[in-house]
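For reference, the structure discussed in these notes is given below.
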Amino acid sequence: VLSNLNFAVTPGQTIALVGSSGSGKTSLVSLISRFYRNQSGEIKLDGISIHDYTLANLRSHIALVSQSVTLFNDTIYNNIAYGELAGIAPEKVRAAAKIANADGFIEALPAGYDTAIGDDGVMLSGGQRQRLAIARAVLKDAPVLILDEATSSLDTDSERLIQAALERLMENRTTFVIAHRLSTVESADCILVIEEGKIVERGNHRELLKQAGRYADLYSNQFDLQRVD
């Protein structure tokens, strides 16, 4: 799926991955978390191969917010603080929810943080589910953050709230962003344009627009579609 990829990321940088569907963006970030094993080459974290870390240790340093959020038939509180974070102080859970722009809707529910949300969060809207996923990532406080289509399929109001929460979450973290909506990647330190498993362009937003290549085409096409809408 991926071939001849070579790039380095400085701590604290935001790297955006853009390209056509099926180009290999999610596969790339899945390698970082070791959901797949790379068949050749090396992926290093702080100069150490990711395969020299235990899986639990590696993933403890990575937070993931994706388009599909997995929630449990439990309370909102327990859906934010679960697993290794289950015993964390309640004030930290609420602080994470505030950063994620989730505290407002949670407090408006009948039982607040103790509200049961049903199987896979069926009682919540898409935007509310996504804000719980962001609250989880805030609470985890991992140095590496992966955002995989975290704002897709949302209405404008929900996207605005979530984008604001993500910007707070990304502060002082090394972040990988996958997004079809290119407006969400304009401020990235580096944008990698991936097609058919290869990096075909790299640079920041302004540099890539000046190149008038694949990124400029994607950006122009999306802008024209938004203008028609």
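Take any residue in the sequence shown, note its place counting from 1, add 46, and you have its number in my numbering. Glycine included, every Cβ here is placed at the ideal spot set by N, Cα and C.
Counting only runs of 3 or more residues that sit fully inside the segment 205-259, the beta strand (DSSP E) segments are 220-224, 236-241 and 244-249, in chain order. Of the residues Leu63, Lys186 and Glu213, the one whose Cα lies closest to the Cα of Leu131 is Lys186.
Going by C-alpha positions, Ser114 is about 31 angstroms away from Gly93. Per DSSP, Ser112 is one residue of the beta strand (DSSP E) stretching across Ile108 to Ser112. Here the segment 100-113 does not lie against the segment 259-269, with fewer than 3 beta-carbon pairs under 8 angstroms apart. DSSP places Thr161 outside both helix and strand once states are collapsed to three, so it counts as coil. The three-state secondary structure of Thr60, taken from DSSP, is strand.
Residue range Val190 to Asp194 is occupied by the beta strand (DSSP E) that includes Val190. For Asn125, the uninterrupted alpha helix (DSSP H) run begins and ends at Ile122 to Ile126, by DSSP.
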